[in-house]
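Below is one structure, written out as structure tokens; comments come after it.
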Amino acid sequence: MEQATDDTAPDDGTVRTVNSLRRDTYADSVALMRAARRLGDLPGVTAASLVMATEANLRLLADAHLLTAEAAEARPNDLIVAVRGDAEALAHALDAVDGLLEQTDSPTPAASATPAARSLTEADPATALALISTPGPYAAAEALKALRCGMHAFVFSDNVPLDQEIRLKREAHRAGLLAMGPDCGTAVIDGIPLGFANVLRPGRIGLIGASGTGLQQVSCLLDANGEGVRQMIGTGGRDLSADVGGITTLDALELLDADPGCELIVLVSKPPAPEVAERVLARAARAGKPVVACFLDGSGSLAGDGARPSGGEGTRSSAGDGTRSSGGGRVTVAGTLRDAAYAVVEALGGKAPRGVERPRLPVPHGHLLRALYAGGTFAYEARQLLPDAATGTETGTGMGPAAGEVLLPDRDLILDLGDDAYTAGRPHPMIDPTVRARHLRVALDDPRTAVVVLDVVLGHGAGADPAAALAAELERAPSGQRPPVVAFVVGTDADPQDRAAQEARLRAAGALLAPTSTDAIEWAAAMVTSPGHERAQELTTAGGAV
Amino acid sequence: MTASVGGTPDRMTASIGDTPDRMTASIGGTPRGTTALLGAAPVRIAAVGVPDFAEVPRSAGADVTALDWRPPASGEPELAWRLAELTGHPAVEAANQEAVARLLAVRPVWTRVLPAREAIPALDDSGRRLLLHAGPPLAWPDMCGPMRAGVIGAALLEGWADSAEAAERLADGGALEFAPCHHHEAVGPMGGIISPSMPLIEVEDRATGRRAYSNLNEGAGRCLRYGALGEDVMERLRWMGSVLAPALSAALHARGEGVDLRAITAQALQMGDECHSRNTAASALLLRELAADLSGTAHAREVLRFLSDNHYWFLNFSMAAAKLATSAAHGVPHSTLVTAFARNGVEVGIRVSGLGDAWFTAPATQVRGLYFAGYGPEDANPDIGDSAITETYGLGGFSLAAAPAITGFVGGTVEEALRTSREMARISLARHEAYRLPALGGVGAPVGIDVRAVLDTGIVPVVTTGISHREPGIGQIGAGLTHAPLECFAKALEAIRVPALDAAPVAVAVAVSP
Numbered sequence: 137m138e139q140a141t142d143d144t145a146p147d148d149g150t151v152r153t154v155n156s157l158r159r160d161t162y163a164d165s166v167a168l169m170r171a172a173r174r175l176g177d178l179p180g181v182t183a184a185s186l187v188m189a190t191e192a193n194l195r196l197l198a199d200a201h202l203l204t205a206e207a208a209e210a211r212p213n214d215l216i217v218a219v220r221g222d223a224e225a226l227a228h229a230l231d232a233v234d235g236l237l238e239q240t241d242s243p244t245p246a247a248s249a250t251p252a253a254r255s256l257t258e259a260d261p262a263t264a265l266a267l268i269s270t271p272g273p274y275a276a277a278e279a280l281k282a283l284r285c286g287m288h289a290f291v292f293s294d295n296v297p298l299d300q301e302i303r304l305k306r307e308a309h310r311a312g313l314l315a316m317g318p319d320c321g322t323a324v325i326d327g328i329p330l331g332f333a334n335v336l337r338p339g340r341i342g343l344i345g346a347s348g349t350g351l352q353q354v355s356c357l358l359d360a361n362g363e364g365v366r367q368m369i370g371t372g373g374r375d376l377s378a379d380v381g382g383i384t385t386l387d388a389l390e391l392l393d394a395d396p397g398c399e400l401i402v403l404v405s406k407p408p409a410p411e412v413a414e415r416v417l418a419r420a421a422r423a424g425k426p427v428v429a430c431f432l433d434g435s436g437s438l439a440g441d442g443a444r445p446s447g448g449e450g451t452r453s454s455a456g457d458g459t460r461s462s463g464g465g466r467v468t469v470a471g472t473l474r475d476a477a478y479a480v481v482e483a484l485g486g487k488a489p490r491g492v493e494r495p496r497l498p499v500p501h502g503h504l505l506r507a508l509y510a511g512g513t514f515a516y517e518a519r520q521l522l523p524d525a526a527t528g529t530e531t532g533t534g535m536g537p538a539a540g541e542v543l544l545p546d547r548d549l550i551l552d553l554g555d556d557a558y559t560a561g562r563p564h565p566m567i568d569p570t571v572r573a574r575h576l577r578v579a580l581d582d583p584r585t586a587v588v589v590l591d592v593v594l595g596h597g598a599g600a601d602p603a604a605a606l607a608a609e610l611e612r613a614p615s616g617q618r619p620p621v622v623a624f625v626v627g628t629d630a631d632p633q634d635r636a637a638q639e640a641r642l643r644a645a646g647a648l649l650a651p652t653s654t655d656a657i658e659w660a661a662a663m664v665t666s667p668g669h670e671r672a673q674e675l676t677t678a679g680g681a682v
Numbered sequence: 200m201t202a203s204v205g206g207t208p209d210r211m212t213a214s215i216g217d218t219p220d221r222m223t224a225s226i227g228g229t230p231r232g233t234t235a236l237l238g239a240a241p242v243r244i245a246a247v248g249v250p251d252f253a254e255v256p257r258s259a260g261a262d263v264t265a266l267d268w269r270p271p272a273s274g275e276p277e278l279a280w281r282l283a284e285l286t287g288h289p290a291v292e293a294a295n296q297e298a299v300a301r302l303l304a305v306r307p308v309w310t311r312v313l314p315a316r317e318a319i320p321a322l323d324d325s326g327r328r329l330l331l332h333a334g335p336p337l338a339w340p341d342m343c344g345p346m347r348a349g350v351i352g353a354a355l356l357e358g359w360a361d362s363a364e365a366a367e368r369l370a371d372g373g374a375l376e377f378a379p380c381h382h383h384e385a386v387g388p389m390g391g392i393i394s395p396s397m398p399l400i401e402v403e404d405r406a407t408g409r410r411a412y413s414n415l416n417e418g419a420g421r422c423l424r425y426g427a428l429g430e431d432v433m434e435r436l437r438w439m440g441s442v443l444a445p446a447l448s449a450a451l452h453a454r455g456e457g458v459d460l461r462a463i464t465a466q467a468l469q470m471g472d473e474c475h476s477r478n479t480a481a482s483a484l485l486l487r488e489l490a491a492d493l494s495g496t497a498h499a500r501e502v503l504r505f506l507s508d509n510h511y512w513f514l515n516f517s518m519a520a521a522k523l524a525t526s527a528a529h530g531v532p533h534s535t536l537v538t539a540f541a542r543n544g545v546e547v548g549i550r551v552s553g554l555g556d557a558w559f560t561a562p563a564t565q566v567r568g569l570y571f572a573g574y575g576p577e578d579a580n581p582d583i584g585d586s587a588i589t590e591t592y593g594l595g596g597f598s599l600a601a602a603p604a605i606t607g608f609v610g611g612t613v614e615e616a617l618r619t620s621r622e623m624a625r626i627s628l629a630r631h632e633a634y635r636l637p638a639l640g641g642v643g644a645p646v647g648i649d650v651r652a653v654l655d656t657g658i659v660p661v662v663t664t665g666i667s668h669r670e671p672g673i674g675q676i677g678a679g680l681t682h683a684p685l686e687c688f689a690k691a692l693e694a695i696r697v698p699a700l701d702a703a704p705v706a707v708a709v710a711v712s713p
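Chains A and B supply the protein sequences, listed in that same order.
Counting from 137, one number per residue, gives the positions in the first sequence under our numbering.
Counting from 200, one number per residue, gives the positions in the second sequence under our numbering.
What follows is the structure, encoded as structure tokens:
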């Protein structure tokens, strides 16, 4: 190794430039540049360059004032190490060169692993279904891509533009695929649960629903009565609106009608647009198997309320059992979730547990009903009984003691705590009980409250112990000193939360357990609507279904 | 042609209803047993969004893949929807297959060396003083330092001015006209200035008669393309016109046939080049092709010495070949294939096969890389040059796996080079049948950037490139990696009209590579 220093270089003080020459030493220019960068980072080094001594490189060095006289004579196959810095740093830098040049890349094993797909178009082509829970503005686009890739789409997301939902569903129809959602809470396809779904036994019932918790209630009741699910197809909350026109519902009907493994079809929905209900019922009437339709729109009967006729084909006659039949007896219209489930059981030759005895309820001190639901469909069902009930609470304003507190209306209240107004920035109340627990506390403390109604939904996706937070609120006051609480648990014995334990927890806290959502609201409504007393005193069998 | 499109683990090009299995289980069809809807177990599900949702079907035995999802199309919901409308669209799929087939069918052959004014009609007008430049259109006042230097050098070379100051006055006074090389079937590295007297190489596709051009590479160090000015630079440019070009022409003539650039590129990829920022092997191979015939020409010794010193010699050939192929793919209605990526040092832009002559631009990026001694990122001009045309042809960053020697440009490892080529496959429509990547088991280079895939995955094309000093007159100061900005692709998507679905032809069956 030769070294040359050029003390005539325009350097100040002790700063000098050194060229170190390595004869016939080849290194790749990138390796050299990397080494140069590391040298340049050493303390006391102001500039460093490692180059093969080609004519062009020598000129570059000269331009950078890094070339000394001796190195200028180097041949192209020589390596020049040029460093400028103080004396100590120069010695250190030149010692470091060999180590830097010998440094090799360390392999990064992660780099060779197959990266996760970022897009549905990158997914395994054998993918049968896309499960979409992105923010709403992107969800329809993902679903459309899923369809284009030949996948069914389950779209949990809500806040999807209506026109995109329509486009999506039309395209699904054309492609022979299912667009479940947007705003689809639950489905069980080929036994695979999606979204909020209970662990259901396999069976012969095909369910179609525009309402997640409604489907969960009906399917759990079927399960409890020994019936199992063939398919449970969610459609999303807007499917039976006039705009969407029931595209997914009709496609699902076609599919289940053609499936020989499906012996009976159940339709569950919040009240549809009349003309859509008409169309769906007309298609149902042509099915080669019985159909039970539950639209929660007052068709069929609900205890305590007279059945009123609604749109639909043919003439329906009261079956006297809370259902109405049409289409040669093949379509049964049920008014409540309970009646829908029981109609199914009976249509298949089973015996439904109708006539559950209503328990004796304590005399209420207050006069208003407070139904605090996590499941939106239960609120719809309840409003059939109490159409004048308030649907929202207010929050105290100003600086007073009520500031920020939940204010209950001076009317009956049927609250859907899964509504956007109550979930902003928080998980759904089926997962996070905080907001509902707060409302429950206020309702229990309110002297106007006659009775509180609570749903507890189990299954996949729901909280691990949903009864706990509610029971804790109930236990704050002995049951004699607070209004009675009617609760119902939607779940199966196979659900991960242990239904029996959840029910025991609620019972231990003093809640009355109703077998269905329908029974729960009937019991509670009877306490505030019974004639003869200024709202209920004695609870008699006021409803035909009890 | 045996090039294939798509295939695992590359991007799948789906089209509507392309899965017969599922169709038989569909609405109105005949369900098969208990697995009618989702196919045979294990059911495959892709989860997009909240990871917890993947657990529910997984608990029942489904094979659930949670996507590494992010909002597509730069997070613009309206663009994301349009992107979805284009996804698996039969008309778009068919157009892209047509475009990429045209691209792959091109056989670039170097046929001639000729003055630019003979190759490009617009330059053959003594009444005009037209200069071609790199990248999307750009006016003189907006040009960056290296490109201004190129303009000055070209004006001096053409004898339009006798000093740099006089040249600038000409330009300031509007006496010079400018147009992108790309608008004249030409490409130029870095500043990319092409003036009427400069010699160009002509590359031709014999089957179609299509031609593309590039200038001759000046070598390393102080070069006009990097914005270096000075008598040494001018002297070399004059020598290239008066000695080098005639020698090359004579050698080609003596050879009696053109040089197959595709064969050289294919070999060079086996020898450590990616044919954008590393051309060492290709330059040697090209010189070998011509050496015998060059040896008999005038000034043979100095010509051969110049060529043997120039490791970048092949770059301009690689670029012209890429331009030839991507031009062939341009103009297919509804195609989302990228047919150009070019940078003028201020803006970068892409062109898309189905979107006509429009450029979709974004501010030029900074290049991450290594610098020559005495220079650093603060000295660097933003990304510049037409050379990224090679990336649109499956070379450069797309073939980085072939060139481990240059992966250190960004302190990267060989593993990362392999990963880069794999990632580029995720945004590409096909693999090249002849350009193969030995380090990836000989798989074809990913070729044909799909605007949709870039926006869907957020993976942007990686470009290997040189770094020019931002001031005129200095030249190259480093080299490194950069990328084509997502913004270009988002703008292109905005310009795409979604073809009517019903009017669209049925998607052609897709061949899947093993």
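Every residue, glycine too, gets a C-beta built ideally from N, C-alpha and C.
With distances taken between CA atoms, isoleucine 648 of chain B lies nearest to B:Thr656 out of B:Thr656, B:Thr464, B:Met439. DSSP places glycine 643 of chain B inside the beta strand (DSSP E), whose first and last residues are 642-648. Three or more beta-carbon pairs separated by less than 8 Å are not found between the stretch 311-319 of chain A and the stretch 595-611 of chain A, which leaves the two stretches without contact.
Cβ atoms of isoleucine 588 of chain B and valine 386 of chain B come within 8 Å of each other, at about 5 Å.
Note that the C-beta distance between alanine 275 of chain A and glycine 287 of chain B is not below 9 Å. Counting along the chain, phenylalanine 516 of chain B sits inside the alpha helix (DSSP H) bounded by residues 514-528.
At least one CB atom of chain A sits nearer than 9 Å to the CB of serine 258 of chain B. Under the Cβ criterion of 9 Å, glutamine 367 of chain A is counted among the residues facing chain B. Residues of chain B with a Cβ closer than 9 Å to the Cβ of glutamine 352 of chain A do not exist; the shortest Cβ-Cβ separation is about 13 Å. By the neighbour-count criterion, in which 16 or more other beta carbons inside 10 Å mark a residue as buried, threonine 535 of chain B falls on the buried side. Using a CB distance cut-off of 9 Å, alanine 510 of chain A does not count as an interface residue toward chain B.
Using a Cβ-Cβ cut-off of 9 Å, alanine 572 of chain B counts as an interface residue toward chain A, since at least one Cβ of chain A sits closer than that to its own. Boundaries of the alpha helix (DSSP H) around aspartate 387 of chain A: 383-394. The beta-bridge partner set that DSSP reports for cysteine 430 of chain A consists of A:Val404, A:Ala470. In this structure the stretch 485-500 of chain B does not lie against the stretch 597-617 of chain B, because fewer than three pairs of beta carbons, one per stretch, are closer than 8 Å. Taking the Cβ atoms as the reference, leucine 636 of chain B lies roughly 6 Å from serine 620 of chain B, within the contact range of under 8 Å. Aspartate 591 of chain A has A:Phe624 as its beta-bridge partners, per DSSP. Close to aspartate 655 of chain B, with beta-carbon spacing below 9 Å, are these residues of chain A in chain order: Arg254, Ser255, Leu256, Thr257, Glu258, Lys281. Between asparagine 580 of chain B and histidine 682 of chain B, the gap from beta carbon to beta carbon reaches 9 Å or more. Within its own chain, the residues whose Cβ lies closer than 6 Å to the Cβ of serine 273 of chain B, once the five positions on either side in sequence are excluded, are Leu685, Ala689, listed in chain order. Chain B has no Cβ within less than 9 Å of the Cβ of leucine 298 of chain A. Contact between the stretch 509-526 of chain A and the stretch 629-648 of chain A is absent, with fewer than three C-beta pairs closer than 8 Å. Comparing alpha-carbon positions, the option among B:Ala467, B:Arg437, B:Phe597 lying closest to valine 659 of chain B turns out to be B:Phe597. Here alanine 623 of chain A is actually not in contact with proline 500 of chain A; their C-beta atoms are around 16 Å apart, not less than 8 Å.
The residues Ala507, Ala515, Ala518, Arg519, Leu522, Ala525, Thr527, in chain order, have a CB closer than 7 Å to that of isoleucine 550 of chain A in the same chain once the five nearest residues on each side in sequence are set aside. Taking the Cα of glycine 382 of chain A as reference, the smallest distance to any Cα among A:Arg643, A:Ala420, A:Asp475 is reached at A:Ala420. A Cβ-Cβ separation of about 6 Å places leucine 375 of chain B in contact with leucine 330 of chain B under the 8 Å criterion. Of the residues assessed, glutamine 352 of chain A falls on the buried side of the cut-off, its CB having 16 or more other CB atoms within 10 angstroms.
Aspartate 234 of chain A counts as exposed, since fewer than 16 other C-beta atoms from the protein chains shown sit within 10 angstroms of its C-beta.
In the same chain as histidine 288 of chain A, and ignoring 5 residues on each side of it, the C-beta atoms closer than 6 Å to its own belong to Leu265, Leu313, Leu314, in chain order. Annotation for tyrosine 412 of chain B: the continuous beta strand (DSSP E) segment containing it runs 409-414.
Look at the beta carbons and you see the stretch 333-347 of chain B touching the stretch 387-397 of chain B: at least three pairs across the two are nearer than 8 Å. The Cβ atoms of leucine 649 of chain A and valine 664 of chain A lie no closer than 9 Å to each other.
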